[in-house]
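> For reference, the structure I am asking about is given below.
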Amino acid sequence: MSKTFEQFLSEQLTAGVIDQQLVNLLAAVAQLSKQINDKVTNGALAGVLGAAGTDNIQGEHQKKLDVISNEIFVRGVQWTGSVSGMASEEMDHCLVTPDAYRRGKYLILFDPLDGSSNIDINAPIGTIFSVTKAPKGEISDESFLQKGRKQVAAGYVMYSAQTILTVTVGKGVYMFTLDLSTGQYIMSKEAVHIAPSTAEFAINASNWRHWERPVQRYVQELLEGINGPLDKNFNMRWVAAMVAEVHRILCRGGIFMYPKDNRDPTKPGKLRLMYEANPMAFLIEQAGGRATNGYENILDIQPTKLHERVAVFLGSSEEVHRVTTYHI
Ligand code: AFP
Numbered sequence: 034m035s036k037t038f039e040q041f042l043s044e045q046l047t048a049g050v051i052d053q054q055l056v057n058l059l060a061a062v063a064q065l066s067k068q069i070n071d072k073v074t075n076g077a078l079a080g081v082l083g084a085a086g087t088d089n090i091q092g093e094h095q096k097k098l099d100v101i102s103n104e105i106f107v108r109g110v111q112w113t114g115s116v117s118g119m120a121s122e123e124m125d126h127c128l129v130t131p132d133a134y135r136r137g138k139y140l141i142l143f144d145p146l147d148g149s150s151n152i153d154i155n156a157p158i159g160t161i162f163s164v165t166k167a168p169k170g171e172i173s174d175e176s177f178l179q180k181g182r183k184q185v186a187a188g189y190v191m192y193s194a195q196t197i198l199t200v201t202v203g204k205g206v207y208m209f210t211l212d213l214s215t216g217q218y219i220m221s222k223e224a225v226h227i228a229p230s231t232a233e234f235a236i237n238a239s240n241w242r243h244w245e246r247p248v249q250r251y252v253q254e255l256l257e258g259i260n261g262p263l264d265k266n267f268n269m270r271w272v273a274a275m276v277a278e279v280h281r282i283l284c285r286g287g288i289f290m291y292p293k294d295n296r297d298p299t300k301p302g303k304l305r306l307m308y309e310a311n312p313m314a315f316l317i318e319q320a321g322g323r324a325t326n327g328y329e330n331i332l333d334i335q336p337t338k339l340h341e342r343v344a345v346f347l348g349s350s351e352e353v354h355r356v357t358t359y360h361i
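Structural data, given as structure tokens:
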């Protein structure tokens, strides 16, 4: 019989890699993801499609499933006794664990539903989470502003043809597929590794005119293929959900890019550092890949704001290195 997620967590506990509070927290995340999966799978039948009629702090129109997923995530972890606070793409400020529950040694950050533009068209979406240690003293937004290198765990759940939980606790990347007949996550990939070279890239090419010169140069070379300096042909993918792009890269390599563009010079990128780029960068590095903002490793960036955005280049190390050198 294949290993369940709970058995994996128990092994990591026995090996001293994680403690009981982190076991309880990650088990709770796995459990709540099944509730989100149920809403996603039933879609219109569960009345979760369409707009919520509200905007989040990002200035984005929230979908019903954004709000519902956020509520499921908060309810799913606040009782565990493992967290002192949580932060979400869908909440303006952090949420300190209510007095009704014991506060634990960790903080959790999450994008409860990544890829919202895919919800109503039945395309892949996901949940992204990041876990760090809670500092001593009162919890505030500033408590969360820790470099990505400080993460103790990170992962995502991808809701697609299969529902797959991917996680790292700092000792490699592991994937678990939800067995719908038993409701258990079963290990389906272990010690995930990204090959250093690739022939597949992902970028929203409609933004070409807004990119900075180094990105235009690099993408031009990818498109020139065998006729250009890279001397090989490339394929392109764009799913409009970071979870799906990262999952593909963990499965078969590739480079994903969401660069800074000049549509809004105040924004250094679209993706959020704390609960999108950092957890994904942790997974990518744990699988042997690389993740930068064009200048430095994402995990080394010192955050200054809870919802700050960042340019992202991640995946197979050779191509991430190449596009990063073009910036310098
Ligand atoms: P939403 O969750 O607001 O849809 O954003 C998803 C995302 O942050 C990331 O998951 C995608 O890679 C990227 O946006 C897609 O952006 P475009 O819609 O501009 O291509």
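In our numbering, the protein residues as written are 34 to 361.
From the three backbone atoms N, C-alpha and C, an ideal C-beta is built for every residue, glycine too.
Enumerate in chain order the residues of its own chain whose CB-to-CB distance from S35 is below 8 Å, with the five nearest sequence positions on each side excluded.
I219, M220 and S221
> Along the chain, which unbroken stretches of the beta strand (DSSP E) at least 3 residues long are found entirely within the region 237-311?
268-270 and 288-291
> Just tell me which of W244, E318, D99 and P168 has its CA closest to the CA of V116.
P168
> Could you confirm whether any beta carbon from chain C is found closer than 8 Å to the beta carbon of R296?
Absent from the structure is chain C; it holds one protein chain and no more.
> Can you tell me which residues form a DSSP beta bridge with V343?
L304
> Let me check you understand the geometry: is the CB of L304 closer than 7 Å to at least one non-hydrogen atom of the ligand AFP?
yes
> Among Y291, R342 and L128, which residue has its Cα nearest to the Cα of H243?
Y291
> Taking 5 Å as the limit, tell me which residues put their C-beta closer than that to any heavy atom of the ligand AFP, in chain order.
Ordered along the chain, the selected set is D147, G148, S149, S150, N237, A273, A274 and M275.
> Relative to the C-alpha of S66, which residue among H340, E223 and G216 is closest?
G216
> H280 and M191 - do their beta-carbons sit closer together than 8 Å?
yes
> Between F177 and A120, is the Cβ-Cβ spacing less than 8 Å?
Taking 8 Å as the Cβ cut-off, F177 and A120 qualify as a contacting pair.
> Flag this pair as yes or no: are the beta carbons of G302 and V272 separated by less than 8 Å?
no
> Going by C-alpha distance, which of T357, R108, L211 and E352 is nearest A232?
When only C-alpha atoms are compared, the closest one is E352.
> Look up R182 in the DSSP assignment and say whether it is helix, strand or coil.
helix
> Return the chain-ordered ranges of every beta strand (DSSP E) run that is complete within the region 110-188 and spans a minimum of 3 residues.
116-121, 139-147 and 158-166
> Can you list, in chain order, the residues of its chain whose CB lies under 6 Å from that of W112, leaving out five sequence neighbours each side?
Y134
> Roughly how many angstroms lie between the CA atoms of D153 and G322, to the nearest whole one?
32 Å
> Considering only their Cβ atoms, is the gap separating L59 from A186 smaller than 8 Å?
Yes.
> Could you have a look at L46 and say whether DSSP puts it in helix, strand or coil?
helix
> Can you give me the Cβ contacts of A63 inside the same chain, cut-off strictly under 7 Å, excluding the 5 residues immediately before and after it?
F38, L198 and Y218
> Alpha carbon to alpha carbon, what distance is there between G287 and L8?
No statement about residue 8 is possible, as the shown extent of the chain runs from 34 to 361 and does not include it.
> Identify whether K27 lies in helix, strand or coil by the three-state DSSP scheme.
Residue 27 falls outside the range modelled here, since the chain spans only 34 to 361, and no answer is possible.
> Can you grab the Cα-Cα spacing for the pair R136 / N311, in whole Å?
R136 and N311: Cα-Cα distance of roughly 24 Å.
> Assuming M307 contacts L347 (C-beta within less than 8 Å), just tell me the rounded distance between them.
Not confirmed; about 16 Å, so no contact.
> Return the Cβ separation of Y359 and R250 in integer angstroms, given the expectation that the two are a contact with Cβ distance under 8 Å.
6 Å
> Given a cut-off of 8 Å, decide if K138 and L98 are closer than it, judged by their beta-carbon atoms.
no
> Should E104 go down as buried or exposed, given a rule of 16 or more other Cβ atoms within 10 Å for buried?
exposed
> Helix, strand or coil for E223? Go by DSSP, reduced to three states.
coil
> Between R296, E223 and E171, which has its C-alpha nearest S239's C-alpha?
Out of R296, E223 and E171, R296 has the C-alpha closest to the C-alpha of S239.
> Mapping DSSP to helix, strand and coil, what is V62?
Reduced to three states, the DSSP call for V62 is helix.
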